[in-house]
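Colleague: Let me begin by handing over the structure; questions about it come next.
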Amino acid sequence: MGKLDSKIPSGPLAEKWTKHKNEIDLVNPANKRNIDVIVVGTGLAGGSAAASMAELGYNVKTFCYQDSPRRAHSIAAQGGINASKNYQGDGDSDYRLFYDTIKGGDYRSREANVYRLAEVSSNIIDQCVAQGVPFAREYGGLLDNRSFGGVLVSRTFYAKGQTGQQLLLGAYGAMNRQINRGKIKSYTRHEMLDLVLVDGKARGIIARDLVTGEIERHSAHAVVIATGGYGNLFFLSTYCMGANVMAAWRTHKKGAFFANPCFTQIHPTCIPVSGDHQSKLTLMSESLRNDGRIWVPKKLEDAKAIREGRLKPTELAEEDRDYYLERRYPAFGNLVPRDVASRAAKERCDAGYGVNKTGEAVYLDFAAAIERYGTEKAYTMGLKDADKATVRKLGEEIVEAKYGNLFQMYEKIVDENPYKTPMMIYPAVHYTMGGLWVDYNLMTTIPGCYSAGEANFSDHGANRLGASALMQGLADGYFVLPYTIGDYLADDIRTGPISTDSPEFDEAEKTVTEKLNKLLSIKGENSVDYYHKKLGKIMWNKCGMSRNEEGLKEAIKEIAELREDFWKNVRVPGEANAKNQELEKAGRVADFLEIGELFAMDALDREESCGGHFREEYQTPEGEALRDDENYRYVSAWEFKGEPKDSKLHKEELEFENVELKTRSYK
Ligand SMILES: Cc1cc2nc3c(=O)[nH]c(=O)nc-3n(C[C@H](O)[C@H](O)[C@H](O)COP(=O)(O)OP(=O)(O)OC[C@H]3O[C@@H](n4cnc5c(N)ncnc54)[C@H](O)[C@@H]3O)c2cc1C
């Protein structure tokens, strides 16, 4: 099992996908009715995949742990979704979107997949508009666009600060049509605990009904894992509280390789940590960097005075402010990619210029935008000599129309009015580029087991560009998987229903039941959160925004020890045969304690810096990431061998035939 063949079609880059679609096997409509597909996860990736496959005629079963697909983590996405429609006429094209994504990911993603993503991006917008997604429009009726980091065009489509929610309502509407037709059977409040393999193929899952505690068997001809990212292993992150790695990790343990686990995105614009009481961090969308300017004081004494409350940011003169992104990266300014902006914030704060009590915050300031918008508005209203207060009021109205819900969220959390005083922000864990290794067809190394959306590793290399996650999830679900899965299922038209009454299902059910009982039987001294927080601290301090050999070796050791202690001393109250949220959490944290170790091993293996993976030993004199294309131009794909420490590394060498491998520069 587990041959690493990425199955990239031959031929010119721009023709690969069309050629592939023309050549792969199809399943005729009558036969689709006899084929079952399980989709685990009903966020944007799983929801769109389930709806599309059911529309094609497959019998689909969906699973999610929330009480409705509408509550998937995708609902939190704020800023927008990319597509190369070039509505702005600013030079965009499929190639540019492809190029920006490859460069943004620091040349650690697969060209063929990324080009396909760019190619289908425009279809996604058309599909969503047809579903009624209320994208923002310009005065003339065309869809509006804004800019996100790492690009020089405006290609981000958005629905105020609620793009994910609106897109998810579209996908959920499409799912509901199929639920109503009986083509999708939706299992909510169900958690996948294991993947079942029969004759080496994915043939079903074991799930737990989270309300009754009942363990269930579900079979299918193919299984899609679309269960999102694993950033919550850091404990504090911008993810929803329930986001976890369980389905992907247990699939990994059944034979699916796990790719680039250490590639994590730390987003530069989040509300800073305020203390040990917190269990969640809040994102301030990247869209805010279209208009907000990032700065810290130029002088250490001013930073100190601000931290001590003796000086207000609004009192600091323009010449005493250091707009460090504009200074260091004049071409991209505040819209450099996330990894670059995050590291630059850390560098300033580490040097003593941080502006909140803990010294871990920088400013995101809208004063200039308010004045610029206000002046323009006053001018168009014929108010040639408008006073400052009028300009400000008009400017604030425009900023409110663009970002009102984000400003409101900030004020509710921080209790400061961001129209009047700059926001404080700091980087936080936000997205995982790593995930289940998949080939061009989105199939993992387990035949019949696919992975879509954030759960797979496919398109973003070492750093994801803003507004590209929604694009990838929906590309996978609406436009890739519905084609590629047919190629595999064409061999299953005569298989008939898969029985759940088999030794393989017996064995899988026994294993998960034993694991749940073991967690309950330990009756130790420490809560699940105790371990999760400790793991998060190790991850943040030793595997976070910057990493080094010594710290990573310590992390590997400490995580293994913490895991050992967890299995001796964790306390999980309640019982297995009922609703038990501590038990749910315990299972998820047990998996985080395993992937954490693999994460650190992966970061230790990669003796280079690229994108979000910054090894302190490998940096340019200016402190930029220093890639080593000769030795590390590969996707690391890890095979599970019993314990994380025994995992075996496989390498998918990346070929770059359509872009020149260059040092990534945003200057
Ligand atoms: C605050 C925030 C803002 C963001 N803004 C943007 C943005 O503007 N643009 C952009 O492109 N990206 C954005 N992102 C990233 C983007 O939202 C996510 O990457 C994307 O929505 C992930 O979609 P998904 O379908 O892969 O997974 P998710 O939406 O995370 O869905 C996971 C699904 O899997 C289910 N699940 C998980 N485990 C199990 C299990 N064991 N058993 C059963 N079901 C399971 C869950 O119930 C859920 O249905 C943002 C992220 C955050 C946190």
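Per our numbering, the sequence shown starts with residue 2, numbered consecutively.
Glycine included, every Cβ here is placed at the ideal spot set by N, Cα and C.
Report the option in I207, F333, L466 whose CA atom is closest to the CA atom of D507.
Modeller: It is I207.
Colleague: Here's the rule: buried if 16 or more other CB atoms are within 10 angstroms of the residue's CB, otherwise exposed. What is N60?
Modeller: So N60 counts as buried.
Colleague: Quick one: using the 10 Å Cβ neighbour count with 16 as the cut-off for buried, is L27 buried or exposed?
Modeller: L27 comes out exposed.
Colleague: In or out: M2 buried (at least 16 other Cβ within 10 Å) or exposed?
Modeller: Below a pLDDT of 50, predicted positions are generally treated as unreliable, and M2, at 42, falls in that range; the measurement from the model is reported next regardless. Per the 10 Å Cβ criterion, exposed.
Colleague: Of the choices Y489, T664, G462, whose alpha-carbon is the least far from that of V636?
Modeller: For V636, the nearest C-alpha among the options comes from G462.
Colleague: From the DSSP output, in three-state form, read off V481 for me.
Modeller: Of the three classes helix, strand and coil, the one that applies to V481 here is helix, per DSSP.
Colleague: Pop quiz: C450 and V590 are said to be a contact at Cβ under 8 Å. What is the actual Cβ separation, rounded to whole angstroms?
Modeller: The Cβ separation is near 24 Å, so there is no contact.
Colleague: Give the straight-line distance between the Cα atoms of I307 and G597, rounded to the nearest whole angstrom.
Modeller: Those two C-alpha atoms are separated by around 37 Å.
Colleague: For ligand 1, is there any heavy atom lying closer than 7 Å to the beta carbon of M410?
Modeller: M410: no, Cβ never under 7 Å from ligand 1.
Colleague: Can Q79 be considered in contact with ligand 1, in the sense that its beta carbon sits closer than 7 Å to one or more heavy atoms?
Modeller: Q79 Cβ: within cutoff of ligand 1.
Colleague: Could you tell me whether the Cβ atoms of G454 and G47 are closer together than 8 Å?
Modeller: Yes, Cβ-Cβ distance for G454 and G47 is below 8 Å.
Colleague: Would you kindly check if the distance between the Cβ of V274 and the Cβ of E361 is under 8 Å?
Modeller: Cβ distance < 8 Å, so E361 and V274 count as in contact.
Colleague: Can we say the region 179 to 190 touches the region 439 to 449, given the rule of at least three CB pairs closer than 8 Å?
Modeller: Because the criterion of three Cβ pairs below 8 Å is not met, the region 179 to 190 and the region 439 to 449 do not touch.
Colleague: So what does DSSP say about T19, is it helix, strand or coil?
Modeller: T19 falls in the helix class under three-state DSSP.
Colleague: From the DSSP output, read off the bridge partner residues of C611.
Modeller: Answer is H614.
Colleague: Let me know the secondary structure DSSP gives C544 once reduced to three states.
Modeller: Note: C544 maps to helix in three-state DSSP.
Colleague: With a 10 Å radius around its C-beta and 16 neighbouring C-beta atoms as the bar for buried, classify A318 as buried or exposed.
Modeller: Flag for A318 reads exposed.
Colleague: Which one of A113, V40, E56, K104 has the shortest CA to CA distance from P10?
Modeller: Closest option to P10, Cα to Cα, is A113.
Colleague: Taking the alpha carbon of I226 as the reference point, which residue from I39, F615, N32, L57 has its own alpha carbon closest?
Modeller: The shortest C-alpha separation from I226 is found at I39.
Colleague: Let me know the secondary structure DSSP gives Y364 once reduced to three states.
Modeller: Strand.
Colleague: Considering just the uninterrupted stretch of the alpha helix (DSSP H) at D351, what are its terminal residues?
Modeller: Run containing D351: 339 to 351, per the alpha helix (DSSP H) assignment.
Colleague: Okay, do the region 146 to 162 and the region 75 to 82 touch, 3+ Cβ pairs below 8 Å being the bar?
Modeller: The region 146 to 162 vs the region 75 to 82: in contact.
Colleague: Using 8 Å as the cut-off, can you tell me whether the region 532 to 543 makes contact with the region 552 to 572, which would need three or more C-beta pairs spanning the two stretches below that distance?
Modeller: Output reads yes: the region 552 to 572 touches the region 532 to 543.
Colleague: Tell me the residue span of the beta strand (DSSP E) that contains G205.
Modeller: Unbroken beta strand (DSSP E) run through G205: 202 to 210.
Colleague: Check this for me: beta carbons of Y159 and A137, under 8 Å apart or not?
Modeller: Yes. Within cutoff.
Colleague: Check whether the Cβ of P70 lies closer than 7 Å to any heavy atom of ligand 1, and answer yes or no.
Modeller: Yes; taking the cut-off as 7 Å, the Cβ of P70 has a heavy atom of ligand 1 nearer than that.
Colleague: CB-CB under 8 Å to M54, same chain, minus the five flanking residues each way: which ones, in chain order?
Modeller: So the qualifying residues of the chain are V38, V40, V61, L482, P483, I486.
Colleague: Is DSSP giving G438 helix, strand or coil here?
Modeller: The sequence as given places Trp at residue 438; Gly does not occur at that position. DSSP places W438 in coil when its eight states are reduced to three.
Colleague: Comparing C-alpha positions only, which one of K403, L443, A379, R607 sits nearest to D488?
Modeller: For D488, the nearest C-alpha among the options comes from L443.
Colleague: Give the DSSP-derived three-state secondary structure of M176 in the structure shown.
Modeller: M176 falls in the helix class under three-state DSSP.
Colleague: Where in the region 206 to 271 do unbroken runs of the alpha helix (DSSP H), each at least 4 residues long, occur, reported from the N-terminal end onward?
Modeller: Segments of the alpha helix (DSSP H) lying fully in the region 206 to 271: 247 to 254.
Colleague: Where does T164 sit, in a helix, a strand or coil, going by DSSP?
Modeller: It is helical.
Colleague: When every heavy atom of ligand 1 is checked, does at least one fall within less than 7 Å of the C-beta of A137?
Modeller: It does not: the Cβ of A137 is nowhere closer than 7 Å to a heavy atom of ligand 1.
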